[in-house]
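Beneath this line is the structure, given in structure tokens, with notes to follow.
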Amino acid sequence: MTVKIFYHDHCFDGACSAAVFACFYRRAFDARAQFRYAGLMHRPGGSFGEIHFDADEHVILDFKFHPSEKVTWWFDHHQSAFLTVVDEALFRADTSGKKFFDPTYKSCTKLIADVARDRFGVELPELAELIYWADIVDGAQYPDAETAVNLTAPAMQLTLVLEGSKDHRLRQDIVRALQERSLAEVATAPEVQSAFAPIRARHERAIEIFRKVGECQDGVVFFDLTDHDIEGYNKFIAYWLYPQARYSVSVSRGTYRSKVSVGYNPWSGRPREHNIASLCERYGGGGHAVVGAVSLPPNELDRAKVIAREIAAALRN
Ligand SMILES: [Mn+2]
Numbered sequence: 327m328t329v330k331i332f333y334h335d336h337c338f339d340g341a342c343s344a345a346v347f348a349c350f351y352r353r354a355f356d357a358r359a360q361f362r363y364a365g366l367m368h369r370p371g372g373s374f375g376e377i378h379f380d381a382d383e384h385v386i387l388d389f390k391f392h393p394s395e396k397v398t399w400w401f402d403h404h405q406s407a408f409l410t411v412v413d414e415a416l417f418r419a420d421t422s423g424k425k426f427f428d429p430t431y432k433s434c435t436k437l438i439a440d441v442a443r444d445r446f447g448v449e450l451p452e453l454a455e456l457i458y459w460a461d462i463v464d465g466a467q468y469p470d471a472e473t474a475v476n477l478t479a480p481a482m483q484l485t486l487v488l489e490g491s492k493d494h495r496l497r498q499d500i501v502r503a504l505q506e507r508s509l510a511e512v513a514t515a516p517e518v519q520s521a522f523a524p525i526r527a528r529h530e531r532a533i534e535i536f537r538k539v540g541e542c543q544d545g546v547v548f549f550d551l552t553d554h555d556i557e558g559y560n561k562f563i564a565y566w567l568y569p570q571a572r573y574s575v576s577v578s579r580g581t582y583r584s585k586v587s588v589g590y591n592p593w594s595g596r597p598r599e600h601n602i603a604s605l606c607e608r609y610g611g612g613g614h615a616v617v618g619a620v621s622l623p624p625n626e627l628d629r630a631k632v633i634a635r636e637i638a639a640a641l642r643n
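Letter 169 of the sequence shown, counting from 1, is numbered 495 in my numbering, and no numbers are missing.
The structure is reproduced here in structure tokens:
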């Protein structure tokens, strides 16, 4: 049997989903199945792009529903899994017993493992560590800021390599390795470590910049990052450096926008008393109750700074 696994690429949960499904399939259906892997990425307008169904079984994991009858297995946990009402109706009418959708799951990896155990009687105890970490990373359920920032956990290193590496062979090698080896063994492989080195260097530089510019007052830490070139930093750095801060506000300059970022520190030990989305909406931004942002054109940096200061002042009250 040839089995082609399409999975959410550049994503730790996507890679773990592919690894867990392959182990489950081997155990439940065909110990000698031949697996091929193909990463999928979200595209503007939601199209799948070019996709080739050229195996005996086609599996889509941690990614939206595809209406083709060639797709024999599907697992997803994203709220926005259906592009159209027709797709949703097709899923609801499916009687194969091989298509699963549950948006209450923090990770698709855990959904697959639970379905394997509960519906097919297949336990995968050797993958317990992988399943645990996929749930932590995809659900941002870190026990503390230290775990999210210090990057010593093998799962964190693999997450950054999978997200950042442009080498698709390396990303697929990781999917295969995760089926046979521990996270620590996979993460310490020389090819993974050499991809991780520049990512770690960028992260450490971001920490130094945050340390230099942070101003903490009345439970709000403020970062004016506009003199520095850091895009796409780890948002937990603020809470790791300033554990006493209840909120963080930062203003940064990017190529395409000036941005004000606002967040609540879940490890501050103090309750959130402000709705961050509503606060950002006052300035044309948005988000969730716990994290939000306001984006402005790149030439409105001065206005972004004023807005950031106003939001910080509002959060101090
Ligand atoms: Mn996921």
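Backbone N, C-alpha and C fix where the C-beta goes; we use that ideal spot for every residue, glycine too.
Using only the alpha-carbon positions, how far apart do residue i and residue j sit?
i: residue 578; j: residue 459; result: 31 Å
i: residue 510; j: residue 422; result: 37 Å
i: residue 455; j: residue 335; result: 21 Å
i: residue 559; j: residue 467; result: 18 Å
i: residue 639; j: residue 543; result: 10 Å
i: residue 551; j: residue 357; result: 53 Å
i: residue 418; j: residue 411; result: 10 Å
i: residue 438; j: residue 483; result: 23 Å
i: residue 348; j: residue 569; result: 41 Å
i: residue 540; j: residue 340; result: 35 Å
i: residue 627; j: residue 400; result: 45 Å
i: residue 642; j: residue 364; result: 48 Å
i: residue 592; j: residue 404; result: 23 Å
i: residue 377; j: residue 426; result: 21 Å
i: residue 617; j: residue 598; result: 11 Å
i: residue 330; j: residue 475; result: 35 Å
i: residue 646; j: residue 508; result: As shown, the chain starts at 327 and ends at 643. That puts residue 646 outside it, with no answer to give.
i: residue 499; j: residue 492; result: 13 Å
i: residue 457; j: residue 342; result: 7 Å
i: residue 453; j: residue 350; result: 10 Å
i: residue 576; j: residue 393; result: 42 Å
i: residue 531; j: residue 369; result: 31 Å
i: residue 440; j: residue 630; result: 46 Å
i: residue 352; j: residue 519; result: 29 Å
i: residue 584; j: residue 622; result: 5 Å
For the beta strand (DSSP E) that contains residue i, what are its first and last residues?
i: residue 550; result: 546 to 550
i: residue 619; result: 617 to 622
i: residue 542; result: 541 to 543
i: residue 414; result: No beta strand (DSSP E) holds residue 414; the alpha helix (DSSP H) holding it covers 411 to 419.
i: residue 614; result: Segment: none, residue 614 is in no beta strand (DSSP E) and carries neither H nor E.
i: residue 366; result: 360 to 366
i: residue 649; result: This structure gives no information on residue 649, because the portion of the chain shown stretches from 327 to 643.
i: residue 401; result: 397 to 402
i: residue 584; result: 584 to 590
i: residue 576; result: 573 to 579
i: residue 425; result: 425 to 427
On the premise that residue j lies in contact with residue i, defined as a C-beta separation below 8 Å, what is that separation, rounded to the nearest angstrom?
i: residue 582; j: residue 624; result: 6 Å
i: residue 619; j: residue 606; result: 6 Å
i: residue 522; j: residue 564; result: No, residue 522 and residue 564 are not in contact; Cβ-Cβ is about 23 Å, not under 8 Å.
Would you mind stating whether residue i and residue j have Cβ atoms separated by less than 8 Å?
i: residue 566; j: residue 471; result: yes
i: residue 328; j: residue 360; result: yes
i: residue 526; j: residue 477; result: yes
i: residue 595; j: residue 602; result: no
i: residue 402; j: residue 333; result: no
i: residue 501; j: residue 435; result: no
i: residue 338; j: residue 464; result: yes
i: residue 604; j: residue 589; result: no
i: residue 344; j: residue 362; result: no
i: residue 413; j: residue 432; result: no
i: residue 379; j: residue 396; result: yes
i: residue 390; j: residue 409; result: yes
Going by DSSP, what residue range makes up the alpha helix (DSSP H) through residue i?
i: residue 440; result: 434 to 446
i: residue 494; result: 494 to 504
i: residue 330; result: From DSSP, residue 330 is part of no alpha helix (DSSP H) but of the beta strand (DSSP E) over 328 to 334.
i: residue 508; result: No alpha helix (DSSP H) contains residue 508, which DSSP labels as neither H nor E.
i: residue 658; result: There is simply no residue 658 to check, as the chain begins at 327 and stops at 643 in what is shown.
**Study point:** For ligand 1, residues whose Cβ lies under 5 Å from any non-hydrogen atom
**Key:** 339, 388, 434, 464
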